[in-house]
Amino acid sequence: MPVAPDPSEIYNRAVEEGDRRLEQSTLELVSTGFIAGFTVVFGIVALGIVEGLVGPHNADLAKIAGALAFGPGVVFLVVGRAELFNENFFDPVARAIEESGSWMLRPLVRLWIVTLVFNLVGGALMVLIFSVDGALPSEAGHAFRTAAEEIVHRGAPAEFADSFAGGVLVTLLSFLLSAVNGVGSRITLSYLVGFLLALGPFDHVVVTGLHVLFGVLFGAEVGVSAVAVTIAVVTVGNLAGGLGLVTLTHVAQARGARESGG
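Residues 1 to 262, numbered by the numbering used here, are exactly what the sequence shown covers, in order.
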């Protein structure tokens with residue numbers, strides 16, 4: 001049976017992956033960010049369809065079924081090596097910390113801003129396509145409207161807590177992917193994280209933003225200012241959870257293991 005890598009080995013793998021991500025050309029970064037955006041929409045669509053069909057019969061079961069349906073969207077991202085905001089926190093930061101005399105702030109900011117922007121652009125395009133009249137079952141439209149109204153009216157404290165957890169979960173996926181070998185393990189991990197992300201629901205700025213956009217296009221009664229506040233709060237929460245908790249604590253763990261010779 002394969003032995004699980006120790007924290008130092010996981011960290012070294014993350015540094016190599018982080019170097020690859022930071023060294024992407026602008027065209028490659030824009031493309032992979034755009035691809036991630038429209039890819040994750042398939043998970044959101046599956047969630048909406050399943051919740052819409054199951055919800056009238058059993059609302060609690062609909063949440064579980066919808067989360068199960070969303071999982072493959074994250075699998076597509078991971079297997080296809082697309083660039084998703086928040087999932088690209090741990091590896092690049094680990095690489096930046098290893099750069100002597102520099103935290104590589106400019107490459108990191110470039111990576112995250114370009115990724116976030118084109119995740120949303122690519123996703124919004126796919127949302128517009130799916131929102132064409134008759135493209136999705138009417139039940140999905142109802143589910144999207146309900147979800148959008150629940151999300152934007154949740155309140156900033158709850159929104160921050162959910163997005164903090166979402167940031168932790170998605171960044172943890174990045175760490176765990178450096179700890180496994182083989183496509184099968186990557187599929188399993190990514191599916192489980194996708195399921196938990198949707199089940200919470202734990203907010204991720206791209207997924208949440210596109211989910212709300214679906215609701216708006218299907219007639220949800222939400223204002224532009226409420227959507228803007230939601231996106232801002234979720235972004236801050238993702239950063240706090242993904243960078244502040246997961247990334248920094250795992251970097252400290254790996255460096256401590258290195259110093260102790262573990």
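A virtual CB, placed ideally from N, CA and C, is assigned to each residue, including glycine.
Identify whether E87 lies in helix, strand or coil by the three-state DSSP scheme. Taken through DSSP and simplified to helix, strand or coil, E87 comes out as coil.
Please identify the residue among E87, Y11, L210, A59 whose C-alpha is closest to the C-alpha of T115. E87
Outcome for E16 when other beta-carbon atoms lying within 10 angstroms are tallied against a minimum of 16: Exposed is the call here.
Hey, quick one: how far does the alpha helix (DSSP H) through R81 stretch, first residue to last? No alpha helix (DSSP H) contains R81, which DSSP labels as neither H nor E.
Which ranges would you report for the alpha helix (DSSP H) in the region 135-207 if only whole runs of at least 4 residues count? For the region 135-207, the full-length alpha helix (DSSP H) segments reaching 4 residues or more read 138-152, 156-177, 183-199 along the chain.
Helix, strand or coil: which one does DSSP assign to P7? helix
Sort V229, V183, I49 by Cα distance to A264 and report the nearest one. No answer is possible for residue 264: the residues shown for the chain start at 1 and end at 262.
Please list, in chain order, all residues of the same chain as E51 whose beta carbon is under 6 Å from its beta carbon, the five residues on each side excluded. A62, G66, A143
For V50, the three-state DSSP class (helix, strand or coil): helix
Compute the distance between the beta-carbons of P7 and A257, then report whether it is under 8 Å. Result yes, Cβ atoms of P7 and A257 sit closer than 8 Å.
Does the separation of the CB atoms of V207 and I231 fall below 8 Å? no
Can you tell me which of the three DSSP states H250 falls into? helix
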